[in-house]
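Chemist:
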Amino acid sequence: MPYQLVKYALSSKYPRTRMFTATVDLKDNYDVVIIGAGGHGLAAAYYLARDYDITNVAVLEKDYIGAGGTGRNTTIIRSNYLTPEGVRFYDESLRLFKDLSTEFDLNLFYSERGHFTLAHSDSAVRTMRWRAEVNKHMGVNSEFVNPDFVKESCPYIDLTCGGNAPIMGALYHPPGAIARHDAVAWGYGAGAVKRGVEIHQNTEVVGIDVRKGKVIGVRTNRGYIRTSKILSAVAGWTPQITDMVGIRTPIYVRPLQACVSEPLKPFLDTIIVSGSLHVYVSQSSRGELVMGGATDPYDLNMMRTSLEFTEGLASHMLDLFPFLSEVKILRVWAGLCDMTPDFAPIMGKTPVEGFYLDAGWGTWGFKATPISGKTMAHTIAKDCEPDLIYAFRLSRFEDFELTGEKGAASVGH
Amino acid sequence: MKILNCPINGPRPIHEFIYGGEFRDMPDVDAVTDGEWVDYLYNRSGVPGIKREWWYHVASNVWFIAERDTATNVVCKTYLFEGRRNYE
């Protein structure tokens with residue numbers, strides 16, 4: 001429970017002080033430069049300052065704080081992954097998430113809802129049972145449940161899905177939660193700034209200088225910075241950054257669209273996901289249905305939305321909840337996803353000394369914000385990757401040791 | 001890009017097509033190193049710009065090449081694949 005609310009009620013100091021200090025000029029030299037002031041970049045800065053006392057850090061953001069994937073996701077947090085490496089990693093993230101409101105003294109609206117991944121086919125049932133067993137083995141609360149259990153938890157659902165794709169069961173993950181995504185970035189950012197980190201918005205990286213295989217500096221639209229350590233945490237813009245240091249990756253970029261409905265009375269306590277119907281939905285604290293689906297079916301570096309997406313998603317929503325037919329869509333938006341062949345992120349060191357990568361976050365990055373920040377801070381400070389992210393290293397493709405997480409993606413892509 | 005021009009069937013709605021990924025030239029399997037093979041298998045050029053891509057017209061079973069700008073989603077041209085010579 002953040003005490004901020006109580007303090008605010010009793011305090012005569014109004015308005016409260018700003019979370020972020022005013023912009024100062026860039027210094028010539030930083031110990032670490034982090035590219036991207038989204039959740040991941042700011043979390044890395046926060047843990048660098050808090051856990052390793054490295055505070056001469058600049059976080060460079062070409063837009064505003066949280067303008068990228070952090071502000072564009074559907075805020076779902078879960079750890080019911082498919083591989084032991086994935087489950088261990090995301091479960092640690094979930095554990096960190098639970099304490100963040102108190103740690104930041106900022107209400108993140110972290111709300112445990114229970115997460116249902118619906119199965120509409122025999123093969124989906126098989127994958128859900130598989131995931132449930134891996135999860136339980138790793139100590140994560142997750143089980144396969146029958147359709148009656150789904151109906152009891154979510155009374156408004158149509159179990160027959162209009163007769164098209166009857167629900168045959170679901171993977172039920174009680175710790176599944178939602179949180180206020182913007183606040184996660186603000187909390188990490190404010191915590192980092194408080195410890196001396198500088199956040200520079202409207203500061204675009206235009207080049208990275210490498211000499212003898214080592215990072216030596218960053219060129220920006222506001223001047224040159226000398227540094228020996230750079231973290232790229234830019235989600236859908238990763239290929240532009242890796243191009244600057246001459247690293248090739250398997251990343252390809254696709255837009256992922258999402259939308260919210262007009263606010264409704266609370267009727268949906270749980271998070272409902274259907275891979276076969278390409279839909280995931282939860283109800284926000286202010287009553288809006290937050291809905292998302294699959295990524296666009298071809299590579300695109302544009303954040304445009306399309307009528308095809310909204311129509312497709314609406315029709316699948318009506319399969320699940322027929323009574324929503326008169327409900328209006330309020331907003332539609334898109335974010336960029338850097339996709340990888342095995343649906344796992346790419347984290348850690350690279351062939352260029354001092355250049356660290358936190359990328360490949362596809363459609364699964366928000367839930368990893370705390371643990372990615374923590375593990376990347378460790379990687380940067382110690383110049384070595386913790387065991388928790390070893391499976392996600394860039395060289396896994398050369399070693400043919402892919403981490404197959406496609407079956408744990410919320411929807412098929 | 002709501003309409004795509006199939007080189008055989010002419011302009012058709014985009015939902016009649018399937019995207020087949022970026023065109024990549026397969027290296028000579030006898031001469032290739034492990035590193036080059038991995039690069040061919042996995043790595044992609046994710047930077048926005050004009051790319052050559054495989055597209056498939058489902059209704060008529062036609063695979064062809066489209067040159068498309070992934071920053072603007074504008075298709076510059078489409079044509080049939082004629083072996084390696086139309087890329088040299």
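Chain order of the listed sequences is D and R.
Be aware that the first sequence starts at 1, since it is given in the UniProt record's numbering, and climbs by one per residue.
Be aware that the second sequence starts at 1, since it is given in the UniProt record's numbering, and climbs by one per residue.
Built from N, CA and C at the ideal position, the CB exists for glycine as well.
Note that this is a predicted model, so its numbers are computed, not measured.
1) Is it buried or exposed, D/Asp319, if we count other Cβ atoms within 10 angstroms and call 16 or more buried?
2) Quick one: which unbroken beta strand (DSSP E) runs of 3-plus residues sit fully inside the stretch 202-242 of chain D? Chain order, please.
3) Taking all protein chains shown into account, decide if D/Asp387 is buried (16 or more other Cβ within 10 angstroms of its Cβ) or exposed.
4) Could you give the distance in angstroms between the alpha-carbon of D/Lys151 and the alpha-carbon of D/Ser315?
5) Round the Cβ separation of D/Phe104 and D/Ala190 to the nearest angstrom and send it over; I've been treating them as touching at under 8 Å.
6) For D/Ser274 versus D/His120, is the C-beta distance shorter than 8 Å?
7) Determine the direct distance from the alpha carbon of D/Phe323 to that of D/Asp158, and round the result to whole angstroms.
8) Quick one, which residues of the stretch 62-76 of chain R are near chain D if we go by CB-CB under 9 Å, in chain order?
9) Based on the DSSP output, what are the partners of R/Phe64 in its beta bridges?
10) Whose Cβ in chain D lies nearer than 7 Å to the Cβ of R/Pro48?
11) Is the beta carbon of D/His173 closer than 8 Å to that of D/Arg50?
12) For D/Met291, which residues does DSSP report across the bridge?
13) When the Cα of D/Ser261 is compared with those of D/Pro255, D/Ala359, D/Ile247, D/Met317, which residue comes out closest?
14) By the three-class DSSP mapping on this structure, what secondary structure does D/Leu402 have?
15) Excluding the five sequence neighbours on either side, which residues of its own chain have a C-beta within less than 7 Å of the C-beta of D/Met376, listed in chain order?
16) List, in chain order, every chain D residue whose beta-carbon is nearer than 8 Å to that of R/Tyr42.
17) D/Val218 and D/Val205 look like a contact to me (Cβ under 8 Å); what is the Cβ gap, rounded to whole Å?
18) Return the chain-ordered ranges of every alpha helix (DSSP H) run that is complete within the stretch 167-204 of chain D and spans a minimum of 4 residues.
19) Just to make sure I have the definition right: I need the residues of chain D whose C-beta is within less than 8 Å of the C-beta of R/Asp39. Which are they?
20) Might you give, ordered along the chain, the residues of its own chain that have their beta carbon closer than 6 Å to the beta carbon of D/Lys203, omitting 5 neighbours on each side?
21) DSSP three-state call for D/Pro370: helix, strand or coil?
22) Please report how far the alpha carbon of D/Met128 lies from the alpha carbon of D/Tyr224, in whole angstroms.
23) Is the CB of R/Asn9 under 8 Å away from at least one CB in chain D?
24) Kindly say whether D/Gly407, judged by its beta-carbon, lies nearer than 8 Å to any beta-carbon of chain R.
25) Between D/Arg211 and D/Val125, what straight-line distance do the alpha-carbon atoms span, to the nearest angstrom?
26) List, in chain order, every chain R residue whose beta-carbon is nearer than 8 Å to that of D/Val253.
27) Who are the neighbours of D/Gln240 on chain R, taking C-beta pairs under 7 Å?
28) For D/Asp243, decide whether its Cβ has a neighbour in chain R, counting only Cβ atoms nearer than 8 Å.
29) Measure the Cβ-Cβ separation of D/Asp182 and D/Gly292 and say whether it is below 8 Å.
30) Would you call D/Arg180 buried or exposed, if buried means 16 or more other Cβ atoms sit within 10 Å of its Cβ?
31) Where does D/His120 fall in DSSP's three states?
32) What does the alpha-carbon distance come out to for the pair D/Leu108 and D/Asn73?
33) Enumerate in chain order the residues of its own chain whose CB-to-CB distance from D/Lys7 is below 6 Å, with the five nearest sequence positions on each side excluded.
34) Would you say R/Tyr56 faces chain D, with C-beta separation under 8 Å as the test?
35) Using a Cβ cut-off of 8 Å, pull out every chain D residue sitting near R/Tyr79, in sequence order please.
36) Just the C-alpha distance for R/Asp60 and D/Val193, rounded to the nearest angstrom, thanks.
Modeler: The answer reads as follows:
1) buried
2) 205-211, 214-220, 223-226, 230-232
3) Label assigned to D/Asp387: exposed.
4) 20 Å
5) Your pair D/Phe104 and D/Ala190 checks out as a contact, with CB atoms roughly 7 Å apart and the cut at 8 Å.
6) Contact: yes.
7) 10 Å
8) Arg68, Thr70, Ala71, Thr72, Asn73
9) R/Trp55
10) Asn301
11) no
12) According to DSSP, which records beta bridges pairwise, D/Met291 is partnered with D/Cys259, D/Val281.
13) D/Met317
14) coil
15) Contacts found: Ala44, Leu231, Met347, Tyr356, Asp358.
16) Taking the beta carbon of R/Tyr42 as reference, the chain D residues within 8 Å of it are Pro250, Pro341, Phe397, listed in sequence order.
17) 6 Å
18) 181-194
19) Arg248
20) According to the sequence shown, residue 203 of chain D is Thr rather than Lys. For D/Thr203, where only same-chain residues beyond five positions count, the Cβ hits under 6 Å are Leu60, Thr220, Arg222.
21) helix
22) 51 Å
23) no
24) no
25) Cα to Cα, D/Arg211 sits roughly 53 Å from D/Val125.
26) Gly46, Pro48, Thr70
27) Val47
28) yes
29) no
30) buried
31) coil
32) Distance between D/Leu108 and D/Asn73, taken at the CA atoms: about 15 Å.
33) none
34) No, because no Cβ of chain D sits closer than 8 Å to the Cβ of R/Tyr56.
35) Going along chain D, no residue has its Cβ under 8 Å from R/Tyr79, so there is no contact; the nearest lies around 18 Å.
36) Rather than Asp, the amino acid found at residue 60 of chain R in this sequence is Ser. Rounded to the nearest angstrom, the two C-alpha atoms are 59 Å apart.
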